[in-house]
Ligand code: NAP
């Protein structure tokens with residue numbers, strides 16, 4: 002049976018677009034890219050809250066093969082990322098392959114026909130030889146399970162569904178959450194509202210953000226002499242890499258790097274907040290790196306403003322006109338802003354139901370066993386599946402280092418498959434187990450197990466208590482392994 006498509010890619014964000022670019026380079030033209038959203042860009046389409054900007058410098062947070070010399074700032078605002086995604090889609094001919102407002106309910110491997118049956122909501126199944134899931138890590142918004150929240154009579158907005166028509170001016174607002182999103186959102190919200198109460202459960206590590214507008218002459222230089230931007234990228238990527246590899250992954254060997262980063266963040270807090278009690282509340286009590294630290298120059302100073310209040314007593318319930326903390330105090334509000342992040346481990350690995358060989362259900366198998374994927378991309382019993390947002394797949398600090406390593410992995414795998422004249426690949430159980438053992442062992446040195454992460458409530462940890470998101474090696478190693486993994490780690494047919 003001939004499938005309708007060479008490949009179906011689920012997700013039209015940077016991961017899905019990178020996969021499509023690689024497949025086109027490999028000669029596959031009959032591709033379908035589906036996305037549940039109304040447009041491309043993934044995270045950068047969904048997130049539109051005030052203050053949104055990338056917090057990895059833009060020279061690094063972009064495809065290395067498609068540099069953008071036009072970034073307006075060191076850390077580009079979200080709208081520029083969205084425009085960059087549109088530019089990539091146009092330049093690489095991806096738009097005609099995309100279908101929006103299309104939700105994938107599930108996919109099932111058809112052993113007889115050696116293809117994937119993909120169920121699109123409300124439609125007949127479509128078939129493809131290969132299935133690539135690029136559904137993101139942070140794409141299932143988490144609604145807090147707080148008693149009474151459904152009874153709130155004012156406006157409720159989650160950061161992933163920002164309502165730009167809703168005027169915040171003069172409102173009495175509350176923000177729940179103090180993660181990377183809240184750090185960007187709170188200073189902007191505070192500029193408009195009359196009263197702002199921030200409900201913090203766990204403080205976040207924040208360091209200074211070396212952010213400035215990129216002067217026009219420098220942008221011109223980047224355009225005329227692209228090597229200068231490549232050098233800037235290399236320098237920035239190297240610094241991020243050092244932080245990740247030495248500060249996070251090799252905590253056991255070099256705890257002083259991690260502690261140095263924490264001291265740097267503490268100095269930032271001391272410079273910006275003079276009130277010792279407020280400072281105490283904003284100080285994390287877990288090791289730097291247990292959960293993703295962030296960068297901001299205006300987050301801490303916002304709490305110095307008289308109309309901004311940091312509330313650290315736990316929320317007991319929400320009532321129609323306010324939030325009540327466990328000590329019985331009620332704060333009257335008319336606007337509830339949820340910066341409560343994403344659910345990764347219950348609903349996002351995988352984001353859709355995927356049934357492989359012998360009826361193996363990927364989500365169930367990961368939960369009943371351990372979360373695992375060979376080089377963060379392929380799983381035994383799931384032939385012809387490339388799962389881009391898998392456990393242990395995230396390498397480096399910029400998502401683009403992960404995407405491009407995965408593109409290299411795809412290139413090596415599909416090139417070998419074609420060379421053999423085959424159409425079906427599957428990673429071996431042995432290769433997968435060896436990879437899982439290797440990452441498990443290497444993670445032993447990381448801040449996740451050697452530092453103190455007990456109070457961090459970090460989404461890096463899954464329900465089994467394992468830090469199963471990050472791949473514990475340098476991006477150089479990840480890229481090397483992606484181009485050199487033993488071809489015998491797969492079977493081909
Ligand atoms: P997050 O880091 O998971 O933070 C969610 C916040 O909501 C946490 O402070 C959490 O507290 C709090 N929260 C959740 N449920 C709660 C409840 N029931 N009661 C009280 N508090 C609750 O999510 P995020 O801030 O959206 O950031 C997620 C990730 O997105 C970041 O780590 C980063 O990787 C990425 N991001 C990147 C950028 C960028 O590059 N520009 C910007 C934003 C986000 P606990 O910590 O106590 O659970």
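In my numbering, the protein residues as written are 2 to 494. Ideal Cβ positions, reconstructed from N, Cα and C, are used throughout, including at glycine.
- Within the chosen limit of 7 Å, the ligand NAP does not reach the beta carbon of residue 241 with any heavy atom.
- Per the DSSP secondary-structure output, residue 110 pairs in a beta bridge with 117.
- Where residue 317 is concerned, the enclosing beta strand (DSSP E) starts and stops at 316 to 320.
- Residue 379 and residue 185 have their C-alpha atoms some 35 Å from each other.
- A direct Cα-to-Cα measurement between residue 17 and residue 242 gives close to 24 Å.
- Closest in alpha carbon position to residue 109, among 316, 140, 273 and 357, is 357.
- The alpha-carbon separation between residue 309 and residue 149 amounts to approximately 24 Å.
- Looking at the DSSP output, residue 323 shares a beta bridge with 320 and 333.
- Per DSSP, the beta bridge partners of residue 74 are 214.
- Within its own chain, the residues whose Cβ lies closer than 6 Å to the Cβ of residue 456, once the five positions on either side in sequence are excluded, are 286 and 287, listed in chain order.
- At least one heavy atom of the ligand NAP sits closer than 7 Å to the Cβ of residue 341.
- Pairing residue 128 with residue 5 gives a Cβ-Cβ distance under 8 Å.
- Pairing residue 396 with residue 406 gives a Cβ-Cβ distance under 8 Å.
- Rounded to the nearest angstrom, the gap between the Cα atoms of residue 257 and residue 158 is 41 Å.
- The residue among 172, 74 and 94 with its C-alpha nearest the C-alpha of residue 338 is 172.
- Rounded to the nearest whole angstrom, the CA to CA distance from residue 399 to residue 174 is 33 Å.
- Burial check for residue 48: the Cβ neighbour count within 10 Å reaches 16 or more, so the residue is buried.
- Less than 8 Å separates the beta-carbon of residue 130 from that of residue 385.
- The C-beta distance from residue 295 to residue 187 rounds to 12 Å, too long to meet the 8 Å contact threshold.
- Residue 124 counts as exposed, since fewer than 16 other C-beta atoms from the protein chains shown sit within 10 angstroms of its C-beta.
- Looking at the DSSP output, residue 174 sits in a beta bridge with 197 and 336.
- For the pair residue 21 and residue 98, the CB atoms are nearer than the 8 Å cut-off.
- No heavy atom of the ligand NAP is found nearer than 7 Å to the CB of residue 59.
- The C-beta distance from residue 36 to residue 134 rounds to 12 Å, too long to fall under 8 Å, and the pair is not in contact.
- DSSP, read as helix, strand or coil, puts residue 236 in helix.
- Judged by DSSP in its simplified three-state form, residue 51 adopts coil rather than helix or strand.
- Taking C-alpha positions only, residue 19 is separated from residue 404 by approximately 7 Å.
- Excluding residues up to 5 positions away in sequence, 56, 76, 296, 297 and 298 lie with their Cβ nearer than 8 Å to the Cβ of residue 210 in the same chain.
- When secondary structure is reduced to three states using DSSP, residue 347 falls in the coil class, being assigned neither helix nor strand.
- Under the criterion of beta carbons closer than 8 Å, residue 8 and residue 32 qualify as touching, at roughly 5 Å.
- A Cβ-Cβ separation of about 5 Å places residue 198 in contact with residue 332 under the 8 Å criterion.
- Just so you know, the alpha carbons of residue 305 and residue 193 end up roughly 16 Å apart.
- Not a single heavy atom of the ligand NAP lies less than 7 Å from the C-beta of residue 489.
- Collapsing the DSSP output to three states places residue 8 in a strand.
- DSSP, read as helix, strand or coil, puts residue 100 in strand.
- Taking 7 Å as the cut-off, one finds at least one heavy atom of the ligand NAP near enough to the beta carbon of residue 147.
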